[in-house]
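Note that the working numbering has the sequence shown beginning at 617, numbered continuously upward. From the three backbone atoms N, C-alpha and C, an ideal C-beta is built for every residue, glycine too. Structure first, commentary second.
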Amino acid sequence: MINYSPLEVWFVTGSQHLYGPETLRQVAADSEAIVSGLNASGNLPVRVVFKPVLTTPEEVSATLREADAAPDCIGIIAWMHTFSPSKMWIEGLRRLQTPLCHLHTQFNRDIPWSTIDMDFMNLNQSAHGGREFGFICSRLRLERKVVVGHWKEASAQRRVAGWMRAAAAWHDSQSLKVARIGDNMRQVAVTEGDKVEAELRLGYAVNGYGVGDLVAHLAEVTDAQVGELCDEYESSYRMMEGLGKGGPLHESLRDAARIELGLRSFLEEGGFRAFTDTFENLHGLKQLPGIAVQRLMADGYGFGAEGDWKHAALVRSMKVMAEGLQGGTSFMEDYTYHLDPAGRSVLGAHMLEICPSIANGQPSCEVHPLGIGGKEDPVRLVFDSTTGTAVNATVVDMGNRFRMVVNVVDVVEPPEPLPRLPVARALWDPRPELETAAAAWIHAGGAHHTGFSLALGPEHLEDFAGMAGIEFLLIDDATHLRQFRSEIRWNDAAYR
């Protein structure tokens, strides 16, 4: 359900008529060569489309308006081959809604020391043409990505690729529908928020639905469909004893399969790509959706527990950003600490709903008591996460703005097995270390729910936050608590 193939990013080049038609023909030829090279590199997830060189205010305005109106254009890469007087960019940039990446590069990598002359200098003026463009973007307070480096270098291409992934998620967010099945968990503050402001700022729409709307879809599921899905479970996962056909727990598996089929039908019919539920609203359901939510997330849906629509949308956006990358992405929650002075860590999990895209090996399909919600024992997939560097991200409503907080973490293997903990889980060491990371997170008001990804880095999320115009705070190796708290105070003043 995540498809980059129709998407495109437009490549626009700035110049002016001062240099004459021969120079402009060379500018166009060089720009087309860069576009071809970027597309052939294999490092970019979205196709780059060459657009004619822009030399007048009218051309700039027309092209940028066209980009805003093009349904598959998710971003613009701007390059100043020569000097491009930036007053001619004002009207177009002032109205621009499409994400912008300023690629500060030049066609040639090296200075041709023995042959360089004024003709070469007049043609290859990116070094100061890019500064002119940068000034007008800053004067307009225009949020954009700036990538510096030669266009053939993999490092520059990777930064452009990361920006493209954020732009794809931003594009997806503009038409995202989030279904809130039931309400927010009662008396919880951080999962609440301004849904109108979220739609104004982030693009996605959140609306509530009764559990009865879901139950009606369960009633349409046939026994044959349930049987087929149970067979799929048995072929895909290690099955707990008694869950198979004829076993004493098999009816629980059938109930879980019916919930998955009904939930899929509900989401598909409504065009939803993210959803929430809560254990406090389960009328008409025999068990809290567990394996259903896990498998839907693995297919690309966003999810938030206890009515947490902000993290349902965030997980969906992170899924879009991570499409095609190694490492999974999941809804997550900081659950409990390991406070051994020799190595402090966090055990992340949730009651049921962790995406198997992060699983280390084949998950086990199990049924156990939940101890909350007052329903029958739910079916869930149990596994340990794969290890590696990951990010934990949260979006919270601070009243006058949305704030994204990201912590870089290192996922590690548990030092001992967890035979009596029947949930999916991940153990990580937060950077720079637990004391600083947890204190910084708490000072920032970060939620206990997060979007967790072994595929993404902080720059993906920072690019996305920039496109959305929301505050971004990073907790990583360089974080010092005093400076971090000062950054929060500075941001309070800036957003006031």
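Practice task
Look at His-697 and Thr-629 and say whether their C-beta atoms are less than 8 Å apart.
Solution key: The answer is yes: Cβ separation under 8 Å.
Practice task
Please work out which residues of its chain come closer than 8 Å, Cβ to Cβ, to Asp-799, disregarding the five sequence neighbours upstream and downstream, and give them in chain order.
Solution key: Sequence-distant Cβ neighbours of Asp-799 in its own chain, meaning closer than 8 Å and more than five residues away, are Gly-824, Thr-894, Glu-896, Asn-897, Gly-923.
Problem - the segment 966-985 touching the segment 935-944, judged by at least three CB pairs closer than 8 Å - result: With a cut-off of 8 Å on Cβ pairs, the segment 966-985 is in contact with the segment 935-944, counting three or more such pairs.
Handout entry: Three or more C-beta pairs below 8 Å linking the segment 982-990 and the segment 1003-1016
Key = Here the segment 982-990 makes no contact with the segment 1003-1016; the two share fewer than three CB pairs at distances below 8 Å.
Handout entry: Leu-680, enclosing alpha helix (DSSP H) - first and last residue
Key = From DSSP, the alpha helix (DSSP H) with Leu-680 extends over 673-685.
Exercise for the section: Flag this pair as touching only if the segment 745-758 and the segment 688-696 have three or more C-beta atom pairs under 8 Å; answer yes or no. Expected result: Flag = yes, the segment 745-758 and the segment 688-696 touch.
Practice task
Leaving out five residues on either side along the sequence, give the residues of the same chain with a beta carbon under 6 Å from the beta carbon of Val-983.
Solution key: The answer, listed in chain order, is Leu-865, Ser-868, Asp-993, Val-995.
Practice task
Say whether the segment 1018-1029 touches the segment 1050-1069, bearing in mind that this needs 3 or more beta-carbon pairs closer than 8 Å, one atom from each stretch.
Solution key: Enough Cβ pairs lie closer than 8 Å, so yes.
Practice task
Using three-state DSSP, classify Asp-688 as helix, strand or coil.
Solution key: The answer is coil: DSSP assigns Asp-688 none of H, G, I, E or B.
Practice task
Check whether the Cβ of Glu-884 lies closer than 7 Å to any heavy atom of the ligand HEM, and answer yes or no.
Solution key: Looking at this structure, you won't find the ligand HEM or any other ligand, since it has none at all.
Problem - Euclidean distance between Cα positions of Gly-765 and Pro-957 - result: Rounded to the nearest angstrom, the two C-alpha atoms are 43 Å apart.
Practice task
Could I get the ranges of all uninterrupted alpha helix (DSSP H) runs contained in the segment 924-977, with 4 residues as the minimum, in chain order?
Solution key: DSSP runs (the alpha helix (DSSP H)) wholly in the segment 924-977: 925-938.
Exercise for the section: Spell out a yes or no on whether the segment 804-816 and the segment 845-864 are touching, meaning 3 or more CB-CB pairs, one atom from each, closer than 8 Å. Expected result: Counting C-beta pairs closer than 8 Å gives fewer than three between the segment 804-816 and the segment 845-864, which falls short of the contact rule.
Practice task
Please say whether Leu-879 and Arg-960 have beta carbons closer to each other than 8 Å?
Solution key: No, the pair does not count as a contact, with Cβ atoms beyond the cut-off.
Practice task
Find the nearest neighbour of Ser-1001 within the set Val-1024, Ala-1042, Val-962, judged by alpha-carbon distance.
Solution key: Ranked by how close their Cα comes to the Cα of Ser-1001, the residues Val-1024, Ala-1042, Val-962 have Ala-1042 in first place.
Practice task
Below 8 Å on the Cβ atoms is my guess for Ser-1069 versus Ala-1006; work out the distance and round it to an integer in Å.
Solution key: About 6 Å separates the CB atoms of Ser-1069 and Ala-1006; that is less than 8 Å, so the two are in contact.
Exercise for the section: Could you check if Thr-672 is buried or exposed, using at least 16 other CB atoms within 10 Å of its CB as the buried criterion? Expected result: Burial call: exposed.
Exercise for the section: Report yes if the CB atom of Val-651 is closer than 8 Å to the CB atom of Val-669, and no otherwise. Expected result: No, the pair does not count as a contact, with Cβ atoms beyond the cut-off.
Practice task
Compute the beta-carbon to beta-carbon distance between Glu-949 and Thr-807, rounded to the nearest angstrom, for a pair I have assumed lies under 8 Å.
Solution key: Your pair Glu-949 and Thr-807 does not check out as a contact, with CB atoms roughly 11 Å apart and the cut at 8 Å.
Problem - Buried/exposed call for Phe-699, threshold 16 Cβ in 10 Å - result: Counting the other Cβ atoms within 10 Å of the Cβ of Phe-699 gives 16 or more, which makes it buried.
Exercise for the section: Rounded to whole angstroms, what's the CA-CA distance from Val-762 to Val-776? Just pull it up for me. Expected result: A direct Cα-to-Cα measurement between Val-762 and Val-776 gives close to 9 Å.
Problem - Best match in Asp-1026, Ala-890, Ala-1081, Leu-654 for proximity to Ile-797 [C-alpha to C-alpha] - result: Out of Asp-1026, Ala-890, Ala-1081, Leu-654, Ala-890 has the C-alpha closest to the C-alpha of Ile-797.
Problem - Arg-854 to Pro-1035 span [Cα, whole Å] - result: If you draw a straight line from the Cα of Arg-854 to the Cα of Pro-1035, it is about 15 Å long.
Handout entry: Beta-carbon proximity check, Leu-680 vs Val-664, cutoff 8 Å
Key = No; because the gap between Cβ atoms is not below 8 Å, this pair is not in contact.
Exercise for the section: Could you check the C-alpha separation between Thr-1027 and Lys-703 for me, to the nearest Å? Expected result: The residue you asked about is not Thr; residue 1027 is Val in the sequence shown. Linking Val-1027 to Lys-703 through their CA atoms gives a straight-line distance of about 49 Å.
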